[in-house]
Amino acid sequence: MPNTWRKQIVFAVAVLAALASFDTVYAGAAVLYAFNGGPDGAGPGLYSTDTGLIADSAGNLYGTTYAGGGSGCAGDGCGTVFMLAPDGTETVLYAFRGLSDGENPTSGVIRDTAGNLYGTTVTGGKYGGGTVFKLAPDGTETVLHSFDPESDGEYPNALIRDMSGNIYGTTYDCGIRCDLSACCGTVFELAPNGTETVLHFFTGGSDGSHPQGRLIWDGAGNFYGTTTQDGPGGSGTVFKLAPDGTETVLHGFACDKDGSSPEGTLIRDKAGDFYGTTTYCGAGGGGTAFKLAPNGTLTVLHAFVGGIDGYYPFAGLIQDRAGNLYGTTIGGGDGPACNYSYGCGILFKLAPDGTETVLHTFGRHRHSGSSPYAGLIFAPKGMLIGLA
């Protein structure tokens with residue numbers, strides 16, 4: 002295993018509780034598990050804009066690593082699906098071999114009531130464009146769909162699943178060509194019988210291109226998501242996709258005005274307001290956190306300026322019952338053990354009035370993690386859990 006993979010961790014940060022019950026605590030963050038970068042996996046949540054973990058009723062956490070798990074994929078390993086028990090024991094549920102079974106899962110997994118896990122790999126499969134896979138409780142992996150870059154897309158992102166067993170997602174690239182050198186991505190549906198239908202081909206220009214976050218939906222069957230590029234302002238979009246396949250751009254980002262590259266998954270409150278992040282640009286140059294009202298009005302809640310404030314919020318946000326928002330940045334902070342010139346990132350809280358509080362700075366200790374690409378999840382006892 003090459004030594005290019007930095008030490009990465011599953012961490013917990015207390016919002017309402019203490020961390021005294023954890024064995025390893027560094028500067029306010031408890032390390033639940035530290036990946037060694039070999040058979041146990043490497044790069045957990047790497048390049049994921051969605052929550053990198055899910056939890057079951059017993060408190061087990063499930064996720065994926067981009068690499069590790071074996072010696073394939075040029076020696077880096079092709080990635081894993083793992084489970085982390087409440088006592089900190091990690092179990093590799095599946096190690097990808099590469100090619101036919103997929104390579105490099107980045108977007109975590111979802112779970113059905115029977116305990117089956119579903120996820121994507123961004124490469125590999127029959128045509129090399131990535132896969133949708135199912136992992137049974139006994140560890141059997143089944144490739145449900147292999148993407149063909151020349152027809153239905155490549156680099157699939159995180160999934161959602163309805164009560165009928167239909168799976169929905171996006172591909173970051175390809176499908177149809179925007180121009181002679183690039184593809185723009187798709188929205189797809191995968192039926193339980195394995196039939197895939199492309200619901201929308203992004204064409205670049207005004208409708209946006211390169212979707213990355215997980216889709217969300219409303220009670221009427223509409224999907225909502227983001228594209229990271231193009232659109233009316235040239236810097237990405239928030240879009241709505243109706244059941245009949247009609248796409249509507251709800252907002253087009255303009256870099257210097259309100260941010261660029263909304264890569265993280267959106268959330269929506271009971272009033273119908275959307276919340277999300279842009280990774281770059283904005284008034285401070287380091288990305289933004291935003292609110293999009295049902296009438297189309299976008300409000301920048303916070304513009305990141307770098308330094309201790311953090312910059313580049315790659316993943317989306319989560320919201321508590323009081324309306325506070327929580328998220329991470331992959332850069333910024335003032336961690337003294339950080340080896341990156343742009344910083345190792347922060348974990349932040351945004352109050353309803355827009356006040357930002359830095360809850361944790363990564364890189365304060367050499368074992369405290371860095372660059373938390375994946376989003377956060379809430380855990381019992383006032384904890385936030387994530388990957389760094």
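Sequential numbering from 2 applies to the sequence shown in my numbering.
The beta carbon of each residue, even a glycine, is placed where N, CA and C say it ideally should be.
Residue closest to residue i, alpha-carbon to alpha-carbon, out of the options
{"i": "residue 30", "options": "370, 36, 306", "result": "370"}
{"i": "residue 410", "options": "95, 84, 53", "result": "Since the first residue of the chain shown is 2 and the last is 389, residue 410 is not available in this structure."}
{"i": "residue 92", "options": "308, 102, 64, 99", "result": "64"}
{"i": "residue 344", "options": "332, 67, 355, 167", "result": "332"}
{"i": "residue 315", "options": "288, 283, 58", "result": "288"}
{"i": "residue 199", "options": "153, 175, 192, 221", "result": "153"}
{"i": "residue 275", "options": "293, 191, 100, 309", "result": "293"}
{"i": "residue 110", "options": "365, 237, 134", "result": "134"}
{"i": "residue 125", "options": "102, 142, 364", "result": "102"}
{"i": "residue 322", "options": "87, 258, 213, 379", "result": "379"}
{"i": "residue 340", "options": "354, 355, 363", "result": "363"}
{"i": "residue 40", "options": "32, 97, 337", "result": "97"}
{"i": "residue 244", "options": "224, 348, 141, 355", "result": "224"}
{"i": "residue 336", "options": "308, 365, 151, 352", "result": "365"}
{"i": "residue 115", "options": "356, 156, 58", "result": "58"}
Secondary structure of residue i, DSSP reduced to three states
{"i": "residue 261", "result": "strand"}
{"i": "residue 100", "result": "helix"}
{"i": "residue 175", "result": "coil"}
{"i": "residue 184", "result": "strand"}
{"i": "residue 231", "result": "strand"}
{"i": "residue 256", "result": "helix"}
{"i": "residue 372", "result": "coil"}
{"i": "residue 387", "result": "strand"}
{"i": "residue 331", "result": "coil"}
{"i": "residue 147", "result": "strand"}
{"i": "residue 206", "result": "helix"}
{"i": "residue 220", "result": "coil"}
{"i": "residue 297", "result": "coil"}
{"i": "residue 226", "result": "strand"}
{"i": "residue 344", "result": "strand"}
Exposure of residue i, with buried meaning 16 or more beta-carbon neighbours within 10 Å
{"i": "residue 215", "result": "buried"}
{"i": "residue 172", "result": "buried"}
{"i": "residue 1", "result": "The structure shown does not extend to residue 1, since the chain is modelled only from 2 through 389, so no value can be given for it."}
{"i": "residue 147", "result": "buried"}
{"i": "residue 105", "result": "buried"}
{"i": "residue 261", "result": "buried"}
{"i": "residue 75", "result": "exposed"}
{"i": "residue 272", "result": "exposed"}
{"i": "residue 221", "result": "exposed"}
{"i": "residue 99", "result": "buried"}
{"i": "residue 237", "result": "buried"}
{"i": "residue 263", "result": "buried"}
Neighbourhood of residue i by C-beta, 6 Å cutoff - its chain only, sequence neighbours within 5 removed
{"i": "residue 108", "result": "49, 51, 121, 158, 159"}
{"i": "residue 373", "result": "329, 346, 387, 389"}
{"i": "residue 66", "result": "42, 43, 44, 45, 80, 81"}
{"i": "residue 137", "result": "117"}
{"i": "residue 350", "result": "325, 327, 358, 360"}
{"i": "residue 283", "result": "260, 289, 304"}
Nonlocal neighbours in the same chain, by C-beta distance under 7 Å from residue i, ignoring five residues either side
{"i": "residue 210", "result": "179, 185, 186, 203, 228, 230, 231"}
{"i": "residue 149", "result": "128, 130"}
{"i": "residue 34", "result": "10, 11, 85, 89, 91"}
Same chain only: Cβ atoms within 8 Å of residue i, ignoring 5 sequence neighbours per side
{"i": "residue 201", "result": "187, 188, 242, 246, 248"}
{"i": "residue 3", "result": "Interpretation of residue 3 is limited by its pLDDT of 40, a score under 50 that renders its predicted location unreliable; no figure is taken from the coordinates."}
{"i": "residue 162", "result": "111, 113, 119, 168, 169"}
Chain B within 9 Å of residue i, Cβ atoms only
{"i": "residue 33", "result": "Looking for chain B here will not work: only one protein chain is present."}
The segment 241-251 in contact with the segment 301-312 per 3-pair CB rule at 8 Å: Output reads no: the segment 301-312 does not touch the segment 241-251.
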